[in-house]
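See structure below.
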Amino acid sequence: MVSATPPTGRQVTLRAGPVSAVVTEVGGGLRRLRTGGRDLVAGFDADVARPVFRGSVLVPWPNRVGDGRYRWAGRDEQLALTEPDRRTALHGLLCWTRWEVRDASPDAVALGARVVPQPGYPHQLDVVVTYRVHEDGLSWAVEAENTGTTAAPYGCSVHPYLVAGPGRVDDWTLRLRAAEYLEIDAERLLPTGRRPVDGTPLDFRAGRTPLAGVAVDHAVTAVAPDDDGTARAEVRTADGSGVALEWDPRALPWVQLHTADRPEPGLHRAGLAVEPMTCPPDAFRSGEGVVPLEPGDRHVARWRIRALAPDGG
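Each residue of the sequence shown is one higher than the one before, counting from 1328 in our numbering.
Set out below in structure tokens:
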């Protein structure tokens, strides 16, 4: 009898000190990340399809393309509408692809997948996602190479839901030094204009800003780095412990935040999505932040998730 393969495919477990992670073959995504028995991201079981894009790799565009239509190199393109209720193409082309394990060790793994030329995206990309666990967390990188013959529009992100500790989003605080946000059409979540965060519920610059009662599904930008040049989103519990996501704001100037307001009780506000992105929502239509990958070009983006101790370390 052939044993059933779980919906997420082969599971790769990584360990370093108290930290463990599980990476999945399907989607090349992050299914679990824990330290000392506590979750740093909202995970899910291997025998279910990945819910609400938890831990997904978003390539060759993050977020939404309105109506799936855009113009590139003088041609009109039409992507499949993978979010039909909002009439958008959501989160790229590799979230449900079976990735190949290229290299693995006890604390690291690299997986590869190919974006093949197809309706709406007639370009070829080879993509490698790499995970490495450390004694305080995990580093995550996505590298794309244009192995085709045409220049390709490109953007990327990853989709972790950060978990500070016990409880849910309402029990935590957020520090993120972003000065601007995108207003959105409430029906389709597409951007309508850029505004300062001053005086809005989206001003998380002061730190320890409570999330109770705050519903967010917006992109923010103008992120000020800390003194070491790194941008950080810190999600903490009442005692100051928690989790941080770190990145280079020059390479990833946009951040999608989502408080996971869902009708399903098990998913509702169970983690805070923090998605540093190369470009804003609807970038394929606006052109803002889109990377033109010429044949042979490569693009690399990096993120790091780190546990925070109560003293802020």
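Ideal placement from N, C-alpha and C gives every residue a C-beta, glycine not left out.
As for any beta strand (DSSP E) of minimum length 3 sitting wholly inside the segment 1504-1558, the runs are 1505-1511, 1518-1523 and 1544-1550, ordered along the chain. Annotation for Ala1437: the continuous beta strand (DSSP E) segment containing it runs Ala1435 to Val1442. In the three-state scheme derived from DSSP, where H, G and I count as helix and E and B as strand, Pro1480 is classed as strand. Between the segment 1423-1443 and the segment 1521-1531, the count of C-beta pairs closer than 8 Å stays below three; the two stretches do not touch. Burial check for Asp1366: the Cβ neighbour count within 10 Å reaches 16 or more, so the residue is buried. Residue state for Val1485 is assigned as strand, using DSSP reduced to three classes. The distance from the Cβ of Val1353 to that of Thr1335 is about 5 Å, consistent with a contact at the 8 Å cut-off. Close CB contacts of Pro1378 within its chain, under the 7 Å cut and outside five residues either way in sequence, are with Phe1371 and Leu1594 (chain order). Distance from the Cα of Arg1441 is smallest, within the candidate group Ala1628, Asn1473, Arg1459 and Arg1413, for Asn1473. Measuring C-alpha to C-alpha distances from Arg1629 to each of Phe1380, Gly1623, Glu1573 and Pro1518 identifies Glu1573 as the nearest. Taking the Cβ atoms as the reference, Gln1583 lies roughly 7 Å from Ala1600, within the contact range of under 8 Å. No residue range can be given for Ala1587, since it is assigned to no alpha helix (DSSP H) and is classified by DSSP as neither H nor E. Taking a contact as a CB-CB distance under 8 Å, the pair Val1617 and Pro1480 counts as one, their CB atoms being some 5 Å apart. Cβ contact annotation for Gly1447 (same chain, cutoff 6 Å, sequence separation greater than five): Glu1404, Gln1405 and Leu1406, in chain order. Here the C-alpha atom of Gly1475 lies approximately 47 Å from the C-alpha atom of Arg1535. Arg1504 and Leu1538 have their C-alpha atoms spaced approximately 15 Å apart. In the pairwise beta carbon analysis, the segment 1347-1362 is classified as touching the segment 1449-1466: at least three pairs are separated by under 8 Å. Straight across, the Cα-Cα distance linking Arg1358 with Gly1382 is about 6 Å. Across the structure, Pro1389 and Pro1608 are spaced so that their CA atoms are roughly 7 Å apart.
Counting along the chain, Ala1600 sits inside the beta strand (DSSP E) bounded by residues Leu1599 to Met1604. With a contact defined as Cβ atoms closer than 8 Å, Val1368 and Ile1632 qualify at about 7 Å. Taking the Cβ atoms as the reference, His1626 lies roughly 5 Å from Ala1471, within the contact range of under 8 Å.
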